[in-house]
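Undergrad: Handing you this structure, nothing more for now.
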DNA sequence: CTGTTAGCGCATTCAC
DNA sequence: GTGAATGCGCTAACAG
């Protein structure tokens with residue numbers, strides 16, 4: 080069933096059918112109703128490729144994901160995929176997934192053409208990666224969660240403004256009576272949170288010290304090792320804030336292995352509110368980012384760039400503290 | 080840069096260019112080299128939609144994933160995606176992801192046309208779902224991990240032959256000296272493993288009893304509850320075999336909460352070898368399925384159906400036991 | 001082995 | 001407000 084058959088069944092021209100189906104203003108309401116009804120009746124569905132051939136668009140979005148090093152980041156990745164896929168699908172776009180992208184294996188041919196690209200940034204993502212993907216503005220691109228240093232005039236950015244949630248977390252710790260709080264970072268170069276930590280801790284009324292700051296990495300093991308170091312200090316922290324829930328999980332294990340009970344002996348706060356965090360023992364108090372919102376913002380800005388030629392934008396999705404049971408007043 | 084410009088730059092016809100680029104036999108080797116070199120030089124990449132319009136193919140594969148209920152199944156899902164995407168990409172196919180498919184929201188229009196479909200089966204998948212997706216044989220379909228009862232003449236199937244690994248696991252338990260072994264199933268209706276369990280246990284020399292068999296579900300909580308029941312029995316099992324690692328994880332928690340130490344007081348064997356299983360405490364002995372192989376088999380059979388019109392096939396990827404530290408001789 | 005040509009299904013001019 | 005005609009880039013027949 081193609082547009083010609085549809086038009087013939089209606090005794091009108093293909094041009095009118097096309098206009099009716101594409102919500103063009105130059106068609107009478109009556110004709111449009113007829114066309115739509117008949118299309119439904121006959122089960123007509125337009126050929127994406129023919130449309131693309133003539134219009135240049137193909138309703139395809141590519142998602143580029145870096146290789147993350149461990150299980151839980153994978154889960155986070157899947158949530159992002161979900162959060163993106165749904166709004167895009169509702170707008171008629173399909174998501175092509177490209178996992179584990181390596182710059183070295185990009186056969187310029189063989190690339191499917193797409194209407195836009197979503198790039199999930201990783202620590203190694205650079206500004207020129209972005210510019211290249213955007214082909215200097217020819218192709219709409221939105222970047223999710225870029226490192227601070229990454230910029231591009233050609234792409235939209237959706238980042239996660241973690242600061243409000245982090246502030247909330249530190250204030251909460253201070254309110255519980257903590258002073259001596261450790262920080263375990265994820266090792267992102269130039270991470271805003273890490274950079275701001277001294278200031279943030281100070282304004283929450285906490286003591287910050289370099290000895291209690293470790294840029295660990297992203298895995299549970301990284302978190303465990305870092306926490307092990309901090310908790311073995313003679314002036315050990317009464318609470319630990321970690322840059323990710325995965326690190327927090329590792330920190331919990333470290334505490335347990337040292338015979339310390341969470342939250343009685345040490346409080347732990349994570350960041351990301353990944354699914355598993357509520358099932359840890361004890362359930363992890365954590366800074367929640369709204370991944371669904373991230374996906375929605377990314378999808379909307381991308382569609383805006385594609386359909387309305389919106390200029391690149393910068394948006395943030397915010398964060399807040401979710402209090403569960405991994406924090407208590409210090410002994 | 081399109082095929083016409085490329086042809087003009089070479090002073091040959093577009094037909095020859097097309098043939099050279101598509102590895103057709105009717106082209107001289109010299110011409111082919113020239114064409115390929117020039118194409119690279121000029122950065123020519125063919126338009127997928129133009130190609131699809133005339134050839135009917137578009138090098139697109141759709142992956143349909145059901146909504147899984149918990150975090151770890153998500154991780155398993157992502158591994159499958161990885162395992163599929165890589166071989167497909169190498170063959171020039173792109174993967175469209177469709178998450179959380181619900182039968183109720185399939186607008187027949189708006190579906191992107193694809194060359195083939197991969198369906199990850201869930202407990203609720205039925206034979207007619209498959210037939211429908213395959214459009215009675217018009218569209219190549221491969222189903223990964225179907226429930227036993229699902230069949231279709233129109234689709235290929237890749238399932239995970241878990242039996243060898245399960246046998247290995249039970250024999251291992253028997254060799255350690257266990258007799259009284261609990262089984263926690265995932266609740267799949269008509270699951271082969273569950274159905275075969277009495278026989279499998281018997282042939283391993285273990286005692287099977289209905290009281291020690293629970294079809295729990297898929298979540299960690301399900302596993303914990305089921306194990307709690309089994310371990311509270313007065314004649315409690317000295318070992319538990321679970322249908323998934325997630326269930327095993329829950330079972331470990333149950334044991335711990337009862338003051339039982341794994342593996343000293345109770346041995347636990349899981350199934351799936353998901354990433355996290357090696358990081359549990361103790362590291363989980365488990366039956367490993369080869370997800371990468373599953374993805375490869377699925378990709379290959381799908382491409383075979385598409386490109387060589389192979390008939391639907393049935394394949395299995397096998398399994399084997401990975402011994403870590405969650406099992407010991409019974410006290 | 002290579003060239004010529006005819007569409008694939010659609011959106012879009014330009015007429016009317 | 002509608003119809004006729006054109007061409008997007010490519011592959012497949014058919015000729016040579």
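Protein chains in written order, with my numbering: chain A, 80 to 410; chain B, 80 to 410. Ideal placement from N, C-alpha and C gives every residue a C-beta, glycine not left out. As the structure is a computational prediction, the values presented were derived from the model and not from experiment.
1) Residue 201 of chain A by DSSP, collapsed to three states: which one?
2) Kindly confirm or deny that the stretch 377 to 386 of chain A and the stretch 102 to 113 of chain B touch, where touching means at least three C-beta pairs closer than 8 Å.
3) Along the chain, where does the alpha helix (DSSP H) containing residue 134 of chain A start, and where does it finish?
4) On the criterion of 16 or more Cβ atoms from any shown chain inside 10 Å, does residue 80 of chain B qualify as buried, or is it exposed?
5) Would the stretch 202 to 218 of chain A and the stretch 228 to 238 of chain A be scored as touching if the rule is three or more Cβ pairs under 8 Å?
6) Compute the Euclidean distance between the alpha carbons of residue 350 of chain B and residue 146 of chain A, then round it to the nearest angstrom.
7) According to DSSP, is residue 233 of chain B part of a helix, a strand, or is it coil?
8) Please confirm whether any heavy atom of the ligand SAH lies closer than 8 Å to the CB of residue 288 of chain B.
9) Starting from residue 141 of chain B, trace the beta strand (DSSP E) in both directions and tell me its first and last residue.
10) Determine the direct distance from the alpha carbon of residue 156 of chain B to that of residue 202 of chain B, and round the result to whole angstroms.
11) Please give the ranges of any beta strand (DSSP E) in the stretch 230 to 310 of chain B, keeping only runs that are unbroken, at least 3 residues long and fully inside the region.
12) Classify residue 119 of chain A as buried or exposed, calling it buried when 16 or more other Cβ atoms lie within 10 Å of its own Cβ.
13) How about residue 319 of chain A and residue 347 of chain A: are their beta carbons less than 9 Å apart?
14) Taking 9 Å as the threshold (C-beta atoms), are residue 321 of chain A and residue 296 of chain A in contact?
15) Classify residue 256 of chain B: buried if its beta carbon has 16 or more other beta carbons within 10 angstroms, exposed otherwise.
16) At the 9 Å Cβ level, is residue 191 of chain B part of the contact set with chain A, yes or no?
17) Using a Cβ-Cβ cut-off of less than 8 Å, list which residues of the stretch 219 to 237 of chain B approach chain A; keep chain order.
18) For residue 407 of chain A, which three-state DSSP category applies?
19) Relative to chain B, which residues along the stretch 289 to 307 of chain A have a C-beta separation below 7 Å, given in chain order?
20) Would residue 177 of chain A count as contacting chain B if we go by Cβ distances under 9 Å?
21) Is there a Cβ from chain B that is less than 9 Å from the Cβ of residue 332 of chain A?
22) Just to confirm the assignment, what range does the beta strand (DSSP E) spanning residue 351 of chain A have?
23) Which of helix, strand or coil does DSSP assign to residue 195 of chain B?
24) Report buried or exposed for residue 422 of chain B, applying the criterion of at least 16 other Cβ atoms within 10 angstroms of its Cβ.
25) Could you pull the DSSP bridge partners for residue 119 of chain B from this structure?
26) Please name the residue or residues paired with residue 354 of chain B in a DSSP beta bridge.
27) DSSP state of residue 343 of chain B, grouped into three classes?
28) Based on Cα-Cα distance, which residue from A:375, A:344 and A:250 lies nearest to residue 401 of chain A?
29) In chain B, what lies closer than 7 Å to residue 358 of chain A by C-beta?
30) Taking the alpha-carbon of residue 243 of chain B as reference, which of B:109, B:164 and B:276 has the nearest alpha-carbon?
31) Is there a Cβ of chain B sitting closer than 9 Å to that of residue 394 of chain A, yes or no?
32) Which class does residue 213 of chain B belong to by DSSP, given the choice of helix, strand or coil?
33) Would you say residue 150 of chain A reaches chain B, if we count a Cβ-Cβ gap shorter than 9 Å as a contact?
34) Suppose you measure from the CA of residue 352 of chain A to the CA of residue 158 of chain B; what does that come to, to the nearest Å?
35) Going by the DSSP bridge assignment, what does residue 401 of chain B pair with across the sheet?
36) Is there a C-beta anywhere in chain A that falls below 9 Å from the one on residue 137 of chain B?
TA: Well, looking at it:
1) coil
2) no
3) 127 to 134
4) exposed
5) yes
6) 25 Å
7) coil
8) Ligands are entirely absent from the displayed structure, and the ligand SAH is therefore not among its contents.
9) 139 to 143
10) 15 Å
11) 234 to 239, 260 to 264 and 292 to 294
12) exposed
13) yes
14) no
15) exposed
16) yes
17) none
18) coil
19) 299
20) yes
21) yes
22) 346 to 351
23) strand
24) Coverage of chain B is limited to positions 80 through 410, which leaves residue 422 of chain B absent and any answer about it impossible.
25) Residue 119 of chain B pairs with nothing; no bridge assigned.
26) Its beta-bridge partners do not exist; DSSP assigns none.
27) coil
28) A:250
29) 299
30) B:276
31) no
32) coil
33) Here residue 150 of chain A scores only 47 on pLDDT, less than 50, and its place in the model is too uncertain to base an answer on.
34) 22 Å
35) B:365
36) yes
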